[in-house]
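Peer 1: Residue numbers (the numbering used here): 1 to 232.
We treat Cβ as the ideally placed atom computed from N, Cα and C, and that holds for glycine.
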Amino acid sequence: MNQSTPSATQTPAAVPSMAEKVQLIDQLCAAARILPVITIERAEHILPLADALSGGGLTTLEVTLRSDLGLAAIELLRKERPHLCVGAGTVLDAATLAQAEAAGAQFVVSPGCTDELLRAAVASPLPLLPGVSSASEIMLAHALGYRRFKLFPAEVCGGVKALKAFAGPFPGIRFCPTGGVNPDNLKSYISQANVMCVGGSWMLNTQWLRAGEWQRIQDATAEAVALFATSL
Ligand code: 3PG
């Protein structure tokens with residue numbers, strides 16, 4: 001049998017329409033509030049880190065594929081922590097998108113967009129949150145049905161000023177600003193009408209992570225969640 005042909009027992013996953021994917025992303029981002037961007041350096045960090053984040057109140061996680069452990073982390077979390085919503089980040093091309101899907105990712109995020117990735121994700125059952133930092137990128141993705149984006153790197157590409165400027169020509173578009181978001185600027189981001197959630201890694205201090213200081217990560221996560229609630 002040709003390897004690409006599904007066997008009689010396999011049912012190909014249904015592909016939602018782009019409008020349905022927009023709804024999925026809206027639900028996911030509303031539930032997430034803050035999307036922690038996680039890069040796994042050691043396999044033994046995967047479960048305690050996820051537990052610290054979820055213990056602090058964040059149960060939607062973006063696991064980047066920047067490290068070799070990214071896909072294994074997604075697989076493990078889907079199996080061992082089914083209450084979490086786990087996405088793959090730093091998805092750069094169609095091949096990586098397919099790997100993320102096979103690992104069980106529930107959504108995918110990219111730092112930017114290419115025509116190849118945007119088209120592959122239209123045909124994928126998973127919703128993609130493509131990274132954009134310019135009006136032209138938004139227009140390219142918009143033509144394929146995308147309406148929700150990661151603004152990246154948010155602080156470098158104009159931050160709140162860029163979001164205000166994009167609100168004019170793109171009234172139906174909403175963003176997850178990521179890259180430089182921190183407790184000092186969180187309120188200014190989430191008070192923008194076109195922001196649906198934010199992404200970031202500020203609660204995942206690298207030294208705490210390397211030292212296995214899970215309680216500190218959980219406390220910082222809980223503080224971030226509390227700050228989000230009081231900043232609305
Ligand atoms: C990302 O890739 O989304 C960023 O690494 C997250 O940005 P931050 O580390 O500045 O929060």
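Can you find a heavy atom of the ligand 3PG that lies under 7 angstroms from the Cβ of residue 175?
Peer 2: Within the sequence shown, the letter at position 175 stands for residue 175. No, since every heavy atom of the ligand 3PG falls outside the 7 angstroms radius drawn around the Cβ of residue 175.
Peer 1: Quick one: is the Cβ of residue 183 within less than 7 angstroms of any heavy atom of the ligand 3PG?
Peer 2: Counting from 1 along the sequence shown, the entry for residue 183 is found at position 183. Flag unset: Cβ of residue 183 not near the ligand 3PG.
Peer 1: If you drop the 5 nearest sequence neighbours on each side, which residues of the same chain put their C-beta closer than 8 angstroms to that of residue 165?
Peer 2: Within the sequence shown, the letter at position 165 stands for residue 165. Taken in chain order, the residues that qualify are 158.
Peer 1: Residue 151 and residue 134 - do their beta-carbons sit closer together than 8 angstroms?
Peer 2: Within the sequence shown, numbered from 1, the residue matching residue 134 stands at position 134. Within the sequence shown, numbered from 1, the residue matching residue 151 stands at position 151. No, these two residues do not count as a Cβ contact at 8 angstroms.
Peer 1: Under 7 angstroms from any heavy atom of the ligand 3PG, does the C-beta of residue 206 make it?
Peer 2: Counting from 1 along the sequence shown, the entry for residue 206 is found at position 206. Not under cutoff, so the answer is no.
Peer 1: Which first and last residues belong to the alpha helix (DSSP H) in which residue 74 is found?
Peer 2: Sequence index remark: in the sequence shown, residue 74 carries index 74 (1-based). Here the alpha helix (DSSP H) through residue 74 covers 70–80.
Peer 1: For the ligand 3PG, I want to know if residue 199 counts as a neighbour, meaning its beta carbon is within less than 7 angstroms of at least one of the ligand's heavy atoms.
Peer 2: If you number the sequence shown from 1, residue 199 lands on position 199. Checking every heavy atom of the ligand 3PG against the Cβ of residue 199, one is found closer than 7 angstroms.
Peer 1: Can we count residue 214 as close to the ligand COA, meaning its CB is less than 7 angstroms from some heavy atom?
Peer 2: Only the ligand 3PG can be found as ligands here, which leaves the ligand COA out of the picture.
Peer 1: Do residue 109 and residue 145 have their CB atoms nearer than 8 angstroms?
Peer 2: By one-based count along the sequence shown, residue 109 stands at place 109. By one-based count along the sequence shown, residue 145 stands at place 145. Going by C-beta atoms, residue 109 is not nearer than 8 angstroms to residue 145.
Peer 1: Rounding to the nearest angstrom, what Cα-Cα distance links residue 212 and residue 176 in this structure?
Peer 2: Taking the sequence shown and counting its residues from 1, the one referred to as residue 212 is at position 212. Taking the sequence shown and counting its residues from 1, the one referred to as residue 176 is at position 176. So the two alpha carbons sit approximately 29 angstroms from each other.
Peer 1: Could you tell me the distance, in whole angstroms, from the CA atom of residue 39 to the CA atom of residue 15?
Peer 2: Taking the sequence shown and counting its residues from 1, one reaches residue 39 at position 39. Taking the sequence shown and counting its residues from 1, one reaches residue 15 at position 15. Computed Cα separation, rounded: 28 angstroms.
Peer 1: Look at residue 180 and residue 37 and say whether their C-beta atoms are less than 8 angstroms apart.
Peer 2: Here residue 180 refers to the residue found at position 180 of the sequence shown. Here residue 37 refers to the residue found at position 37 of the sequence shown. No, the pair does not count as a contact, with Cβ atoms beyond the cut-off.
Peer 1: If you run the structure through DSSP and keep just helix, strand and coil, what is residue 38?
Peer 2: Taking the sequence shown and counting its residues from 1, one reaches residue 38 at position 38. The answer is strand: DSSP assigns residue 38 an E or B state.
Peer 1: Could you tell me if residue 139 is buried or exposed, where buried requires 16 or more neighbouring beta carbons within 10 angstroms of its beta carbon?
Peer 2: As a first step, residue 139 is located in the sequence shown; it is residue number 139 there, counting from the start. Label assigned to residue 139: exposed.
Peer 1: Have a look at residue 62 and residue 104 and give me their C-alpha separation to the nearest angstrom.
Peer 2: Taking the sequence shown and counting its residues from 1, one reaches residue 62 at position 62. Taking the sequence shown and counting its residues from 1, one reaches residue 104 at position 104. Taking the straight line from one Cα to the other gives about 13 angstroms.
Peer 1: 8 angstroms is my cut-off, CB to CB: does residue 129 come that close to chain B?
Peer 2: Looking for chain B here will not work: only one protein chain is present.
Peer 1: Measure the Cβ-Cβ separation of residue 227 and residue 183 and say whether it is below 8 angstroms.
Peer 2: Residue 227 sits at position 227 when you count from the first residue of the sequence shown. Residue 183 sits at position 183 when you count from the first residue of the sequence shown. It is a contact, given that the beta carbons lie within the stated cut-off.
Peer 1: Does the Cβ-Cβ distance between residue 90 and residue 114 come in under 8 angstroms?
Peer 2: Translated into the one-based positions of the sequence shown, residue 90 becomes position 90. Translated into the one-based positions of the sequence shown, residue 114 becomes position 114. Contact: no.
Peer 1: Can residue 111 be considered in contact with the ligand 3PG, in the sense that its beta carbon sits closer than 7 angstroms to one or more heavy atoms?
Peer 2: Here residue 111 corresponds to residue number 111 of the sequence shown, with the count starting at 1. Yes.
Peer 1: Tell me whether the beta-carbon of residue 120 lies closer than 8 angstroms to the beta-carbon of residue 84.
Peer 2: The sequence position of residue 120 within the sequence shown is 120, counting from 1. The sequence position of residue 84 within the sequence shown is 84, counting from 1. No, the pair does not count as a contact, with Cβ atoms beyond the cut-off.
Peer 1: Within a Cβ cutoff of 6 angstroms, which residues of the same chain sit near residue 122, ignoring the five residues on either side of it in sequence?
Peer 2: Translated into positions along the sequence shown, residue 122 becomes position 122. Correct list, in chain order: 144.
Peer 1: Compute the minimum distance between the beta carbon of residue 179 and the heavy atoms of the ligand 3PG, and state whether it is under 7 angstroms.
Peer 2: For this step, residue 179 is matched to residue 179 along the sequence shown. Checking every heavy atom of the ligand 3PG against the Cβ of residue 179, one is found closer than 7 angstroms.
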